[in-house]
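Mapping of the sequence shown onto the numbering used here: position 42 corresponds to residue 717, and the numbering continues sequentially without gaps. Where is the CB? At the ideal position from N, CA and C, for every residue including glycine. Computed from a prediction, not measured in an experiment: that's the story for all the values here.
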Amino acid sequence: FGMAYNMYVRTALSKNMAEARQKVIDLYRKSCRLVPYFIVQYELSYTPQSMRARIRRDFEMHKLVSEPEVVDKLLFLGNIDIEEARNMWKQTNHVDSYFSEYSDTTGLSTVDDEPSDQNRNILELDEGMVEYVPPTALPKEKYENTQYKENF
């Protein structure tokens, strides 16, 4: 029928860090408001406090990002994750693994390692490809003793 559309979604560019900061705060508040909804929809057994602490940990992890372009990319990825979870496009095990990865029972959290240079980690990738590189990785021992070793 001659309907043309743009296949690529552009992120809304922030003019400065003050504008980007307000968008980050809005995303954080939106994420925290959706916690009760996620508990019901995905039948999660976590407390709202521990889930909000896990969300806050991700925001704290990226607090040293100082370029508006990088903040806009992270905001875009965060909004996509929220929309996928809200629309039930994620399976329960995806949402559960996100909150159980560093979950604690008290809802209190600490960030042990600060990212060294978040701007460099994200901007060095090819244009259009964004990948999150966590500042800490799980110990190799967790993966060495798994039943899924390749037998070649």
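Check	Outcome
Ala695 versus Lys748, Asp733, Lys705, Glu718, residue with shortest Cα-Cα distance	Lys748
Same chain only: Cβ atoms within 6 Å of Lys765, ignoring 5 sequence neighbours per side	Glu759
Proximity winner among Asn691, Ile730, Leu688, Pro723, relative to Ile757 (alpha-carbon distances)	Ile730
CB of Ser689 within 9 Å of CB of Val746, strictly	yes
Cα-Cα separation between Pro743 and Phe734, rounded to whole angstroms	15 Å
Cβ distance (whole Å) where Arg727 is taken to contact Val710 below 8 Å	6 Å
Span of the alpha helix (DSSP H) around Asn754	743-761
Val710 in three-state terms, based on DSSP	helix
Coil, strand or helix - Tyr721 by DSSP	coil
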